[in-house]
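Worksheet for the structure shown next.
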Amino acid sequence: MNPVRKRRLIITLLILGAVAIATGLSVFALQRNMTYLYSPTEVDAGKAPDGHAFRLGGIVKEGSIHRTPGSLTTDFVITDRFQSIPVQYTGILPDLFRVGQSTITTGKMENGTFVATTVLAKHDETYMPPQVEQAIAKAREEHRIPPGDSPPPPAGEGQGGGKSANSPRPPSGHLPPQAGQGKTSDAAVQQ
Numbered sequence: 415m416n417p418v419r420k421r422r423l424i425i426t427l428l429i430l431g432a433v434a435i436a437t438g439l440s441v442f443a444l445q446r447n448m449t450y451l452y453s454p455t456e457v458d459a460g461k462a463p464d465g466h467a468f469r470l471g472g473i474v475k476e477g478s479i480h481r482t483p484g485s486l487t488t489d490f491v492i493t494d495r496f497q498s499i500p501v502q503y504t505g506i507l508p509d510l511f512r513v514g515q516s517t518i519t520t521g522k523m524e525n526g527t528f529v530a531t532t533v534l535a536k537h538d539e540t541y542m543p544p545q546v547e548q549a550i551a552k553a554r555e556e557h558r559i560p561p562g563d564s565p566p567p568p569a570g571e572g573q574g575g576g577k578s579a580n581s582p583r584p585p586s587g588h589l590p591p592q593a594g595q596g597k598t599s600d601a602a603v604q605q
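Counting with this note's numbering, you get residues 415 to 605 for the letters of the sequence shown.
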């Protein structure tokens, strides 16, 4: 092999080696910083990683928000209507954070409590993050509940069928007509 070809081969191999090392380091860094979203049902089933950060998504359970006087620590419970996980967060909560709202938190499980480093609240009453919708739908499938039916309330919640003051959504089966579906007649309302 002549010296010019040998030098080209060495340079090509060095460039390919550098690209391979850079790609490997990038993949390693992305895997370490990646956090997956889990529902409370998945966390309870042991699917969430132990000792690693992950995202917990669900709805803030009614009556579960407790603020520690004199500090920024807030304890609350996130539920997917089947399982509930206690959450502890120290910091300023988003303005849209309230009971009955979809919330995604990032943190780690410590002694049965999810210690959150970040809390994200949904945009408005009708928005639910796609990941949270998918997690709740997956939990419905696991519990074999049809999409239109309401799941039983988690333990400790009442059986009331009405709309609570903090709940932005009407109970299942009592949804207002959507645009383009026509108006509801008085006869239909009285039935």
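Just so you know, even glycine gets a beta-carbon here, dropped at the ideal spot from N, CA and C.
I'd like to know whether the C-beta atoms of residue i and residue j end up nearer to each other than 9 Å.
i	j	result
S453	L427	no
A553	T455	yes
V533	F511	yes
G477	V513	yes
G484	V501	no
L486	I506	yes
F468	L451	yes
P508	A549	no
What residues in its chain sit with their C-beta under 6 Å from that of residue i, if we drop five residues either side in the sequence?
i	result
Y503	T488, A530, V533
F490	V474, S478, I479, V501
V418	none
Just reading off the beta strand (DSSP E) that residue i is part of, what are its end residues?
i	result
V491	487–493
F468	468–474
Start and end of the alpha helix (DSSP H) containing residue i?
i	result
V457	454–458
V546	544–556
Using a Cβ-Cβ cutoff of less than 8 Å, which residues in the same chain neighbour residue i once the five nearest sequence positions on both sides are dropped?
i	result
F528	V457, L470, I492, I499, P500, V501, Q502, T519, G521, K522
N525	none
A602	Any reading at A602 must be qualified, since the residue scores a pLDDT of 39, below 50, and its modelled position is unreliable; the value itself is stated next. Nothing meets the Cβ criterion.
Have a look at the DSSP bridge pairing and note the partners of residue i.
i	result
R481	T488
E524	T527
P500	V491
I518	G471, L534
L451	R469
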